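In the working numbering, the protein residues as written are 1038 to 1153. For every residue, glycine included, the Cβ atom is placed at its ideal position computed from N, Cα and C. Bear in mind that the values here come from a model prediction, so they are computed numbers and not experimental data. I have placed the structure first, in the form of structure tokens, so that the comments after it can refer back to it.
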């Protein structure tokens, strides 16, 4: 098609990332409740930064949380300089293992298999 750039029809580059965090024992229901009531301004920030299809799973045997995100921008773990994320971290600090700045202790996970 004349006048159409070659890249116009390319899908936006998306990346899937996964990471793990640690929930303190006995806080499964509270963690779920807080995320069921996620603040609208936090949801808007995540979307504005290209984060979608964000799911967190809990391994109840180890209290390990597994987060998976589809990104076209930066990971939610990279938004810690924003005021709303700092407030969220402080809000969640009593039920999760955190760093001194209240950010969750988070370890990236390496993808070893994918089926599409």
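Item checked: residue 1089 versus 1052, 1136, 1149 and 1148, residue with shortest Cα-Cα distance -> Taking the first residue of the chain shown as 1, we reach residue 1089 at position 52. Looking at the Cα atoms, 1052 is the closest of the given residues.
Next item on the list: Flag this pair as touching only if the region 1064-1071 and the region 1129-1136 have three or more C-beta atom pairs under 8 Å; answer yes or no.
Entry: The region 1064-1071 is in contact with the region 1129-1136.
Item checked: Whole-angstrom C-beta distance between residue 1112 and residue 1054, which should lie under 8 Å -> Stepping through the chain shown from its first residue, residue 1054 is reached at position 17. Stepping through the chain shown from its first residue, residue 1112 is reached at position 75. Going by Cβ atoms, the distance from residue 1054 to residue 1112 rounds to 5 Å, so yes, they are a contact pair.
Item checked: Complete runs of the beta strand (DSSP E) confined to the region 1077-1128 [at least 3 residues] -> Runs found: 1088-1096 and 1101-1108.
Checklist line | Sequence-distant residues of its chain with Cβ nearer than 7 Å to residue 1108 (five each side left out) | finding: Counting from one through the chain shown, the residue named residue 1108 turns up at place 71. Taking residue 1108 as the centre and dropping the five residues before and after it, the same chain places the C-beta of 1051, 1052, 1054, 1087 and 1088 closer than 7 Å to its C-beta, in chain order.
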